[in-house]
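FYI, the numbering for the sequence shown is 20 to 411, going by my numbering. For each residue, glycine too, the CB sits at the ideal point set by N, CA and C.
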Amino acid sequence: MTDRLSELQNAGVAIWLDDLSRVRLTSGGLDKLRRESHVAGVTTNPTIFAKALSDADEYDWQLRDLATRDVDVEEAVRMLTTYDVRWACDVMRPSYDASDGVDGRVSIEVDPRSAHDADKTAAEAKALWWLVDRPNLFIKIPATEEGLPAITKTLAEGISVNVTLIFGLDRYSQVMDAFLAGLEQAQANGHDLSKIGSVASFFVSRVDSEVDKRLEKIGSDQAKALRGKAAVANARLAYERYGEVFSSERWQKLADAGAHPQRPLWASTSTKNPDYRDVIYVEELIAPGTVNTMPEPVIHAYADHGETRADTITGAYDDARQAFADLESVGVDLADVIATLEREGVEKFEASWLELLEGVKKSLAEAAKGADSPHRAAEGNAQNAQQAGGNA
Numbered sequence: 020m021t022d023r024l025s026e027l028q029n030a031g032v033a034i035w036l037d038d039l040s041r042v043r044l045t046s047g048g049l050d051k052l053r054r055e056s057h058v059a060g061v062t063t064n065p066t067i068f069a070k071a072l073s074d075a076d077e078y079d080w081q082l083r084d085l086a087t088r089d090v091d092v093e094e095a096v097r098m099l100t101t102y103d104v105r106w107a108c109d110v111m112r113p114s115y116d117a118s119d120g121v122d123g124r125v126s127i128e129v130d131p132r133s134a135h136d137a138d139k140t141a142a143e144a145k146a147l148w149w150l151v152d153r154p155n156l157f158i159k160i161p162a163t164e165e166g167l168p169a170i171t172k173t174l175a176e177g178i179s180v181n182v183t184l185i186f187g188l189d190r191y192s193q194v195m196d197a198f199l200a201g202l203e204q205a206q207a208n209g210h211d212l213s214k215i216g217s218v219a220s221f222f223v224s225r226v227d228s229e230v231d232k233r234l235e236k237i238g239s240d241q242a243k244a245l246r247g248k249a250a251v252a253n254a255r256l257a258y259e260r261y262g263e264v265f266s267s268e269r270w271q272k273l274a275d276a277g278a279h280p281q282r283p284l285w286a287s288t289s290t291k292n293p294d295y296r297d298v299i300y301v302e303e304l305i306a307p308g309t310v311n312t313m314p315e316p317v318i319h320a321y322a323d324h325g326e327t328r329a330d331t332i333t334g335a336y337d338d339a340r341q342a343f344a345d346l347e348s349v350g351v352d353l354a355d356v357i358a359t360l361e362r363e364g365v366e367k368f369e370a371s372w373l374e375l376l377e378g379v380k381k382s383l384a385e386a387a388k389g390a391d392s393p394h395r396a397a398e399g400n401a402q403n404a405q406q407a408g409g410n411a
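Next comes the structure, spelled out in C-alpha cells:
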C-alpha cells in the first residue's frame, strides 16, 4: 500500500495538523497522527479553540476549578488553551527531538485584538511563552503592519514565532526582514540561535475565494477561466522570494551561527470550492523546506489519493507571474484583494476570540452552579489528577 504522506514528507514538506482539542489529547488521537500519519506539528487559532471548547465535556473539571477560584473569563481562556497546548507540546516532543528542533512545534496565538498594537503583542507573546513553558512552542503573531516590530521584539527575546495571516508578497518580504532582524538582535542578546524556530504562515485558499468572487462579478469568459489560479500562483511567488532571502549573505551569517531558516508554511489549505480537487493546495505546493498545515480531513484525503511530484513550485514561477498579469488584465486589483484579506483575517479571528470568551463565560457560570456538589467536586478532582498525569 502506497504511503502517500511519507512520499510528501520525503519531498521536503513537513505535515502539520491544523487543529487541536482536549478530545484529541485525551483519546490519544494526536499521538496516533504523529506516529501513523507523519504529522510533525500542530497549529491552532481562536476559531479552533472556540469550536473545541464548545463541543466537549473534557473541559468540565477544569472549568469547575476555575469557577471555584472565581477567575475572570480572560484568565480562564488562557488557562484552558495553554493547558491543551502544553500537553500537545509534550505529545509532539519526539518529533521535536528527532528533527533537532525544526519540527514537533505547537502554535498558540496572541489575542488578535492586539494585532495593531506592537507592544501589547510582544508582551503577550512573552506571557504565553512563560505559561506554556515548552521549548517546542510557537507563538503566533499576525503579520499586520504593527505586528512586524512585535515579531522582531519577540524573536530577540529568544522566543520562537509563527507569523500568521500573511496574504501578500510585499508583506511576506517584510516578515522575512523582521525575522532576520529578530535573529540578529537575539544573537546580540546572547541567545542560542539554534534553539529559535520560526515559520511564516502564508494563507492559500482564502486568496482564491476572494479572487474568484471578483472574477464571477466581472463575468466574462476570460475572467471565469482564471478561477482557481490566484492562490497557487501567489504562494509560488512567495517561495521564490523565500529562496532569494535565504540564499543572501545576510542570512548566511546567521546560518553560520546556527540559525534555522524561517520556513514557508502553507495555511488555509482546505478547498472552499467543491469544484476544485480537495488536495490541490497540497499537490501544487510541494517544495523542499516547506510546511503544509492541514485539517485532518485533508490529511486523510492526501493519504488516500494525493499525488506527490518532486517540486511543483520552483519550475512554475513564470506561469505564476503570467497568472497575475492575466488577473490584472481582466480587472482584478490584487493589491486590494490582499488588503481586504488581511483586514478580514484579523476581524474573523477577533470575532472567534469574542465567541470563545462568551462561551467560556457561560461555561464558568454553569460550572459554578455545580461546583458545590460533593459528588461533582470529587469527580472533578479525580479527573484533574488523571489529566495531570497525562500531561506530565
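How would you call Gln81, buried or exposed, if buried means at least 16 neighbouring beta carbons within 10 angstroms? In the sequence shown, residue 81 corresponds to position 62, counting from 1. By the neighbour-count rule (16 or more Cβ atoms within 10 Å), Gln81 is buried.
Pairing CB atoms from the segment 319-337 with CB atoms from the segment 200-213, are three or more of them under 8 Å? The segment 319-337 is not in contact with the segment 200-213.
Measure the Cβ-Cβ separation of Thr183 and Leu147 and say whether it is below 8 Å. Here residue 183 is taken as the residue at index 164 of the sequence shown, counted from 1. Here residue 147 is taken as the residue at index 128 of the sequence shown, counted from 1. A distance of 8 Å or more separates the beta carbons of Thr183 and Leu147.
Ignoring anything shorter than 3 residues, give me the beta strand (DSSP E) runs that lie fully in the segment 219-302, in order along the chain. The beta strand (DSSP E) runs lying completely inside the segment 219-302 and spanning 3 residues or more are 282-286, given in chain order.
What are the uninterrupted segments assigned as beta strand (DSSP E) that are 3 or more residues long and contained completely in the segment 112-192, given in chain order? With a minimum length of 3 residues, the unbroken runs of beta strand (DSSP E) contained wholly in the segment 112-192 fall at 124-128, 156-161 and 180-185.
Candidates Leu99, Ile67 and Met111, of which the one nearest Arg54 by Cα: Counting from one through the sequence shown, the residue named residue 54 turns up at place 35. Nearest in C-alpha terms to Arg54, of all of Leu99, Ile67 and Met111, is Met111.
Locate the beta strand (DSSP E) running through Asn311, then write down its first and last residues. For this step, residue 311 is matched to residue 292 along the sequence shown. Counting along the chain, the unbroken beta strand (DSSP E) around Asn311 starts and ends at Thr309 to Met313.
Would you kindly check if the distance between the Cβ of Ala107 and the Cβ of Leu49 is under 8 Å? Within the sequence shown, residue 49 is the residue found at index 30, counting from 1. Within the sequence shown, residue 107 is the residue found at index 88, counting from 1. Yes, they are a contact pair.
Which whole-angstrom value is the C-beta distance of Thr288 and Met313, which I expect to be below 8 Å? The residue you call residue 288 lines up with position 269 of the sequence shown. The residue you call residue 313 lines up with position 294 of the sequence shown. Met313 and Thr288 do touch by the CB rule: their CB atoms are close to 5 Å apart, below 8 Å.
Is the segment 65-83 in contact with the segment 374-392, if contact means three or more CB pairs nearer than 8 Å? The segment 65-83, when compared against the segment 374-392, does touch it at the 8 Å Cβ threshold.
Same chain, Cβ closer than 6 Å to Pro168, five either side skipped, listed in chain order: Numbered from its first residue, the sequence shown carries residue 168 at position 149. Same-chain partners within the cutoff: Ala137.
For Val32: DSSP bridge partner residues: In the sequence shown, the residue the question calls residue 32 occupies position 13. Answer is Thr309, bridged to Val32.
Where Ser220 falls, given that 16 or more other Cβ within 10 Å makes a residue buried: Translated into positions along the sequence shown, residue 220 becomes position 201. The residue is buried, with at least 16 neighbouring Cβ atoms inside 10 Å.
Under 8 Å between the Cβ atoms of Ala162 and Arg132? Position 143 of the sequence shown, counted from the start, is the residue given in the question as residue 162. Position 113 of the sequence shown, counted from the start, is the residue given in the question as residue 132. Taking a C-beta distance under 8 Å as the contact criterion, Ala162 and Arg132 do not qualify as a contact pair.
List in chain order: all unbroken beta strand (DSSP E) runs of 3+ residues lying wholly within the segment 58-123. DSSP runs (the beta strand (DSSP E)) wholly in the segment 58-123: 58-62.
C-beta contact flag for Gly216 and Phe157 at 8 Å: By 1-based counting over the sequence shown, the position of residue 216 is 197. By 1-based counting over the sequence shown, the position of residue 157 is 138. Yes, these two residues count as a Cβ contact at 8 Å.
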